[in-house]
Structure formats: C-alpha cells, structure tokens
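Peer 1: Here the sequence shown stands for residues -17 to -1, 1 to 336, numbered as in mature numbering (1 follows the signal peptide of the UniProt record, and there is no 0).
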Amino acid sequence: MSSYHTWIRGAAMTVLAACTWAGAGARAESVSMATWGGGVGDTWRAAFAQAFEKDTGTKVKITEVPNPEAQVRTQAKAPQYNAVLVSYFEAAKLYNDGLLETFSVDEIPELANVPGQYQMKGADGRVIGAPVYFTYYGIAFNTDFVKPSEMTSWADLGNAKWKGMTAITQPIYSSTYHLTILSHALGGDEKDVSRAIPMFKAQVANASVVYTSLAQLNQLLTRGEVVAAPYYLARVWAMKRDGVKNIDISLPKEGGLMLPYMVVVPKGSADRQAAKAWLNYAASAAPQLRTAELFGYFPLNDKAVIPADQEKVLGMSVAEMKSRLFQPDWFVVAKEQAARVKTVEQVISETNN
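#1: By alpha-carbon positions, which one of Ala257, Ala265, Thr159 and Ser70 ends up nearest to Val51?
#2: Compare the Cα-Cα distances from Gln58 to each of Gly22, Pro249 and Pro213 and report the closest residue.
#3: Measuring straight from C-alpha to C-alpha, what distance separates Val316 and Gly99?
#4: Determine the extent of the alpha helix (DSSP H) in which Lys44 is found, giving its start and end residues.
#5: For the candidate residues Gln186, Ala188, Ser166 and Gly170, whose alpha-carbon lies nearest to that of Ala179?
#6: Would you check whether the ligand ADP has a heavy atom nearer than 6 Å to the C-beta of Lys305?
#7: Excluding the 5 residues flanking Gly170 on each side, which residues of the same chain have their C-beta closer than 8 Å to its C-beta?
#8: On the DSSP letters alone, give me the boundaries of the beta strand (DSSP E) that Met304 sits inside.
#9: Quick check on DSSP: helix, strand or coil for Asp292?
#10: Does DSSP classify Arg239 as helix, strand or coil?
#11: Beta-carbon within less than 8 Å of Met148's beta-carbon, same chain only, minus the 5 sequence neighbours each way: which residues are those?
#12: Check whether the stretch 225 to 240 touches the stretch 106 to 116, counting contact only when three or more Cβ pairs, one atom from each stretch, lie closer than 8 Å.
#13: What is the DSSP secondary structure of Trp4, reduced to helix, strand or coil?
#14: Classify Lys259: buried if its beta carbon has 16 or more other beta carbons within 10 angstroms, exposed otherwise.
#15: Quick check: what's the CA-CA separation for Glu90 versus Asn263?
#16: What's the gap between the Cα of Glu73 and the Cα of Pro243?
#17: Quick one: Cα of Thr163 to Cα of Ala217, how far?
#18: Start and end of the alpha helix (DSSP H) containing Met182?
#19: Run through DSSP, which three-state label would Met222 get?
#20: State the Cα-Cα distance for the pair Val55 and Thr18, rounded to the nearest angstrom.
#21: In angstroms with no decimal places, state the Cα-to-Cα distance between Lys286 and Ile151.
#22: Per the contact definition of three or more C-beta pairs closer than 8 Å, is the stretch 197 to 205 in contact with the stretch 219 to 232?
#23: Grab me the residues of Trp261's own chain with a C-beta within less than 6 Å of its C-beta, minus the 5 sequence neighbours each way, in chain order.
#24: Using CA coordinates, which residue listed in Gln153, Thr39 and Ile111 is at the minimum distance from Gln199?
#25: Quick check on Ala253: does DSSP put it in helix, strand or coil?
#26: Can you give the beta carbon distance from Ala257 to Glu12, rounded, assuming they're within the 8 Å contact cut?
#27: Just how far apart, CA to CA, sit Arg224 and Ala95?
#28: For Ser196, which of helix, strand or coil comes out of DSSP?
#29: Could you spell out where the alpha helix (DSSP H) holding Leu162 opens and where it closes?
#30: Would Phe314 pass as a contact of Ala75 if the rule is Cβ separation under 7 Å?
#31: Once DSSP output is grouped into helix, strand and coil, what is the label at Val14?
#32: By how many angstroms is the C-alpha of Ala185 removed from the C-alpha of Ile45?
#33: Which word fits Thr126, buried or exposed, when buried means at least 16 other C-beta atoms lie within 10 angstroms of its C-beta?
#34: Would DSSP call Val316 helix, strand or coil?
Right under this line is the structure:
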C-alpha cells in the first residue's frame, strides 16, 4: 500500500472516530424514573411526563417496580434510574446511607413555592430531593357497619365493640406510621413512642388480621370482613373514584399523620442536568394539581390551588386538612425504625399467643 493510501486510510479513521465521539458526547440527556405500581406509574405518565416531554423535548421513561427504595439500594454501584419516587421516611434512610445526590436550593427554583417544613435537607442545608405531594394516614371504615361518629379518635380502634372486626398494618408500617401517630395523639411525638404501646396493644387485640398489601385491605374493607383499619386517604379516594360507595375515612380529632412524597436522584446516576430539570418540574404547581385530580394526592407547592369540587369531596379545605396533620422528623423515625419493628413484632406475637 502506498504512503498516500496509508495517509488517506488513517485520516478517514480519525474522522470516523471523531464523529463517533462527538455523537456520543452529544447524546440527549433523558429521565429514567422508578415508581410504585398500582396506577402510580400511569399517574406520573399522565400528570408529569407527557407535558414535560412536550415542553422540554427531554424523554421520560417511567418504570413501575415493587419497591423503589430497594431499587436504589440494589443498584447502588450502577444506578439504572436517575429519578426515584419515595416517601420522606425512605428518603431519610437512603440519605443516611449515602445513596442520594443533594442539591442547593437554587438548583431547584420551584422550592421557593414549597414551605420550608416540606423541604427535606441534610445537615449541610442541601436539599435531598423535590417535594411533590402528600396524603394522610387516618382510619378507613365500612359505612355499612360503622357510623362516622364511631371513628373520631385513634382510641376507637381499640374499643371492645370492634373485637375481631378490625385490621392493623404490617410491622414495617405499624412501627413507622402507627406508633408515631398514636404517640402524637397521646401528647407525645416521634422521639419517644413508649406511651403509645398500651393503646397499640389494645388495637392489636381487636384486630383479626395484619394486612400486608393495599389490595388485600381494599377487599377486606369493601366485603365487610373487617370494618375499620388505619389506612391512607389516597387509597380511599381511589376507591371512591372507582365507584365504591361503602368506604370512607376519618381524620381523627387528635390529627392524622402527614405522608409526603418526593423525587430523589440516586448517587452516581447519569444525566444529572435532565434529572435536575425533572425535579424542578415535579415540584411545580401544574403537574401536582393534575395528580390531585387523578390520584387523590395533594400538592405541596403553595401555588397549586385545589378546585372547590375536590375540597367538597374532602369535606374540608386543603389548608384545614394540613393544619390537622402531624409532620414528624423523618430522620428520627428512620433512626428508630429497627428497634420499633422489633417492639411491634413482639406486641403482635404476645397478643396472638
């Protein structure tokens, strides 16, 4: 081969390599997000992803998984997702284990419209993710068997009248949610839940089942196999939306437990700029309003104003509802979870024996 042909071949290979590198470097960033199933993924596609893609041109892939927090943990060395939907409790655990990216407040401008108590921050003041919406933990009941006036207090779940007719949730949530709100109802807080144990024992003694899935409790309640159980506003809202007539929820006089959710970014995940833009959009008012309509979760952005017809279904304004909800320090709850799971398991075991 002549030196000329050798030069031509080398030049061509150099140009090809340069083009390949440039193409890779110019790859458009995208969002790959993990959510729960049960309609959550569909809600995020409809309320968030469609408009975001149209406005920005950034592609969004929503993947439904059994447990988004677990996905972050199992993929810690090679994150598949650059956005994950979690509860604040789960966000606290993931942050404590060093598995999340953090951001300055300036990087997520929509946080200016989110009250400070709903912004989860690390010790360095950096935010852990984007607050998106909340529901609350109250008492669901079957109206064929229970009058609203019979479920106005957390103590009512321990009333001997309901012996063998109620349900409680599994230890991971009883320890995290139930003991926390019972402690608050009795004048305490999340730091020390010991005062809640006697009331919890009475409620366990009344329960005929420890429910392990939302679908299970939906069936138990609608069939009247249990008549009351601690449950989530969003699930009752969804049941009503789907035509269920005999299920309602009480926001007890002592207050309900606020359960907020956020979008976080796994540490070391790809396409940080796209993920950051997605977080800012998720924290904004418009998609949060669409979520309230579709799914019964309520906005954390103050500029998202719920229509009057939706507040009528609630039976109160969103502002009044927020004022009656307890928001614990989720870092404390996360720190104490392991010990409290053991306490709950012991109470259930001793009561059943």
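Where a beta carbon is used, it is the ideal one built from N, C-alpha and C, also for glycine. Nothing here was measured: the structure is a model prediction, and the numbers come from that model.
Peer 2: Considering the structure as presented:
#1: Counted from its first residue, the sequence shown places residue 51 at position 68. A small correction: the amino acid at residue 51 is Pro; Val does not occupy that position in the sequence shown. Residue Ser70 is the option with its Cα nearest to Pro51.
#2: Position 75 of the sequence shown, counted from the first residue, corresponds to residue 58. Gln58 has its Cα closest to that of Pro249, out of Gly22, Pro249 and Pro213.
#3: Counting from one through the sequence shown, the residue named residue 316 turns up at place 333. Counting from one through the sequence shown, the residue named residue 99 turns up at place 116. C-alpha separation (whole angstroms): 19 Å.
#4: Numbered from 1 along the sequence shown, position 61 holds the residue referred to as residue 44. Counting along the chain, Lys44 falls outside any alpha helix (DSSP H), though it belongs to the beta strand (DSSP E) covering Val43 to Glu47.
#5: Residue 179 sits at position 196 when you count from the first residue of the sequence shown. It is Ser166.
#6: No copy of the ligand ADP occurs in the structure displayed, which carries no ligand at all.
#7: Here residue 170 refers to the residue found at position 187 when the sequence shown is read from its first residue. So the list reads Arg178, once near-sequence residues are dropped.
#8: Numbered from 1 along the sequence shown, position 321 holds the residue referred to as residue 304. Taken as a continuous stretch (DSSP letters only), Met304 belongs to no beta strand (DSSP E), being part of the alpha helix (DSSP H) at Val301 to Ser306.
#9: By 1-based counting over the sequence shown, the position of residue 292 is 309. Three-state result, Asp292: helix.
#10: Working through the sequence shown from its first residue, we reach residue 239 at position 256. Note that residue 239 corresponds to Gly in the displayed sequence, not to Arg. If DSSP states are grouped into helix, strand and coil, Gly239 belongs with the strands.
#11: Counting from one through the sequence shown, the residue named residue 148 turns up at place 165. So the list reads Phe128, Asn189, Ser191, Val209, Val210 and Ala211, once near-sequence residues are dropped.
#12: no
#13: By 1-based counting over the sequence shown, the position of residue 4 is 21. Confidence at Trp4 is low in this model, with a pLDDT of 33, below 50, so the placement of that residue should be treated as unreliable; the coordinate-derived value is given next. Helix.
#14: Working through the sequence shown from its first residue, we reach residue 259 at position 276. Result: buried.
#15: Here residue 90 is taken as the residue at index 107 of the sequence shown, counted from 1. Here residue 263 is taken as the residue at index 280 of the sequence shown, counted from 1. Rounded to the nearest angstrom, the two C-alpha atoms are 8 Å apart.
#16: Taking the first residue of the sequence shown as 1, we reach residue 73 at position 90. Taking the first residue of the sequence shown as 1, we reach residue 243 at position 260. Roughly 11 Å separates the two Cα atoms.
#17: The count along the sequence shown starts at 1 and reaches residue 163 at position 180. The count along the sequence shown starts at 1 and reaches residue 217 at position 234. Each residue's Cα considered, the two are about 19 Å apart.
#18: The residue labelled residue 182 in the question sits at position 199 within the sequence shown. Segment Ile180 to Asn189, the alpha helix (DSSP H) holding Met182.
#19: Mapped onto the sequence shown, residue 222 falls at position 239. Looking at Met222 - three-state DSSP - the assignment turns out to be helix.
#20: Start at 1 with the first residue of the sequence shown, and residue 55 comes out as number 72. Start at 1 with the first residue of the sequence shown, and residue 18 comes out as number 35. Between Val55 and Thr18, the C-alpha separation is close to 11 Å.
#21: Position 303 of the sequence shown, counted from the first residue, corresponds to residue 286. Position 168 of the sequence shown, counted from the first residue, corresponds to residue 151. Looking at the two C-alpha atoms, the distance is approximately 36 Å.
#22: yes
#23: Against the sequence shown, residue 261 aligns to sequence position 278. Within the same chain, Trp261 has close Cβ partners Val14 and Ala66.
#24: To locate residue 199, count along the sequence shown from 1; it is residue 216. Cα-wise, what sits closest to Gln199 is Gln153.
#25: Your numbering for residue 253 matches position 270 in the sequence shown. Residue state, collapsed to three classes: coil.
#26: For the purposes of this step, residue 257 is taken as the residue at position 274 of the sequence shown. For the purposes of this step, residue 12 is taken as the residue at position 29 of the sequence shown. With 8 Å as the limit, Ala257 and Glu12 qualify as a contact, their Cβ atoms being about 4 Å apart.
#27: Counted from its first residue, the sequence shown places residue 224 at position 241. Counted from its first residue, the sequence shown places residue 95 at position 112. For Arg224 and Ala95, the distance between alpha carbons rounds to 32 Å.
#28: Counting from 1 along the sequence shown, the entry for residue 196 is found at position 213. If DSSP states are grouped into helix, strand and coil, Ser196 belongs with coil.
#29: Counted from its first residue, the sequence shown places residue 162 at position 179. Segment Leu162 to Ala168, the alpha helix (DSSP H) holding Leu162.
#30: Counting from 1 along the sequence shown, the entry for residue 314 is found at position 331. Counting from 1 along the sequence shown, the entry for residue 75 is found at position 92. Contact: yes.
#31: Taking the first residue of the sequence shown as position 1, residue 14 is located at position 31. Val14 falls in the strand class under three-state DSSP.
#32: Taking the first residue of the sequence shown as 1, we reach residue 45 at position 62. Taking the first residue of the sequence shown as 1, we reach residue 185 at position 202. Roughly 42 Å separates the two Cα atoms.
#33: As a position in the sequence shown, residue 126 is number 143, starting the count at 1. Thr126 comes out exposed.
#34: As a first step, residue 316 must be located in the sequence shown, where it is residue number 333. Residue state, collapsed to three classes: helix.
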